[in-house]
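Note that my numbering has the sequence shown beginning at -17, numbered continuously upward.
Structure record follows, encoded as structure tokens.
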Amino acid sequence: MAGEILGVIGTGRMGGPMAGRLIDAGYSLVVYDTQAEAMQPLVKRGAQLAKSPADVASRADIVLVSLPTPDIVKAVTLGQDGISSGNRTKIVVDLSTSGPGAAKLVAEGLKAKGMTLVDAPVSGGIKGAVNGTLAVMVSCPQATFETVQPILKNFGKLFYTGDKPGVAQTAKLANNLMAAAALVITSEAVAMGVKGGVNAKVLIDIINASSGRNSASEDKFPRAVLPGTFDFGFATGLSYKDVRLCVDEAEAMGVPMVCGAVVRQMLAITNAKYGASSDFTSIAKVLEEWAGVEMRG
-17 MAGEILGVIG
-7 TGRMGGPMAG
3 RLIDAGYSLV
13 VYDTQAEAMQ
23 PLVKRGAQLA
33 KSPADVASRA
43 DIVLVSLPTP
53 DIVKAVTLGQ
63 DGISSGNRTK
73 IVVDLSTSGP
83 GAAKLVAEGL
93 KAKGMTLVDA
103 PVSGGIKGAV
113 NGTLAVMVSC
123 PQATFETVQP
133 ILKNFGKLFY
143 TGDKPGVAQT
153 AKLANNLMAA
163 AALVITSEAV
173 AMGVKGGVNA
183 KVLIDIINAS
193 SGRNSASEDK
203 FPRAVLPGTF
213 DFGFATGLSY
223 KDVRLCVDEA
233 EAMGVPMVCG
243 AVVRQMLAIT
253 NAKYGASSDF
263 TSIAKVLEEW
273 AGVEMRG
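In structure tokens:
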């Protein structure tokens, strides 16, 4: 087994299962999270507790972070008692969806401290994190990619996007915009179908056998909307953050996002109505209310 000691900062709904897979693979871990209870399952399996991100970076060779927002990523990497204040870590892997702007800023800040950023956002949800079936988009220098590849392959399939920080983040934002857009348009279509007398499950089956099938019709509707559980496992606030980041970055690049702007508005409405901690499949609940139907089956 590789002799590196790995640090993991952010051991929540995604970071926790990913850290567990690293323990399964035989790595020694040092962990830190602001929520003590999030670290307990890993500590029980032999992970060491750290006092701060700086403490993790003084005890681990490579640090992986899985955090909810760009501001938290910047604070944890470059802020007071952040990773950049540690004295051992040389490589920092950001598994979060923090956007290309933040990735470039963090890469520059870490470079000044002799550290290299691996921009490595993941897609596939909690289920993918548990099962090791995530899509892992990676941008970093080629030599660094070769160093982290054995670690990251424990999480799923790797897609190397080149050596510039932020490129993997751009790919991730594009994907998350499409995932949210599929949920919005499927909710509208199924609400119309139900209002017109089609059974919701039958309509989803028809869509999945036809040209309209998408990630929402194939996965999110059967798992979380048709049963009325709205518990797919991705928070509205995080989806809203990702889509906002995507539309803002695209506009800064000179790429118009007409549909993207509408998806952002639908998430803004869902976020305001059901709260940031609600499941992002609650988009369908907004359509149910507006159409006066229930999409069950």
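Cβ atoms here follow ideal geometry from the backbone N, Cα and C, with glycine treated the same way.
For clarity, every value in this text was computed on a predicted model and none was experimentally measured.
The three-state reading of DSSP puts THR126 in helix, counting H, G and I together.
Shown here, LYS139 sits in a strand according to DSSP, grouped into three states. Sequence-distant partners of ALA111 (beyond 5 residues in either direction) whose C-beta falls short of 6 Å from its own C-beta, in its chain, are MET(-4), PRO(-1), MET0. In this structure, the beta-carbon distance from LEU269 to SER193 does not fall below 9 Å. For VAL88, the enclosing alpha helix (DSSP H) starts and ends at 81 to 93. Just measuring C-alpha positions, the residue of GLY210, PRO35, GLY219, MET160 sitting nearest ILE65 is PRO35.
Secondary structure note for ILE265: its alpha helix (DSSP H) is the uninterrupted segment 265 to 273.
Within the DSSP secondary-structure output, ASP101 pairs in a beta bridge with ASP76, SER121.
DSSP, reduced to helix, strand and coil, places GLY(-11) within a strand of the structure shown.
Setting aside the 5 residues that flank it on each side, LEU60 is surrounded in the same chain by SER66, GLY91, each with a C-beta closer than 6 Å to its C-beta; the list follows chain order. For TYR256, the enclosing alpha helix (DSSP H) starts and ends at 240 to 256.
Sequence-distant Cβ neighbours of GLY114 in its own chain, meaning closer than 7 Å and more than five residues away, are ARG3, ASN136, PHE137, GLY138. Note that the C-beta distance between ILE(-13) and ARG41 is below 9 Å. The continuous alpha helix (DSSP H) containing ILE167 extends over residues 149 to 177.
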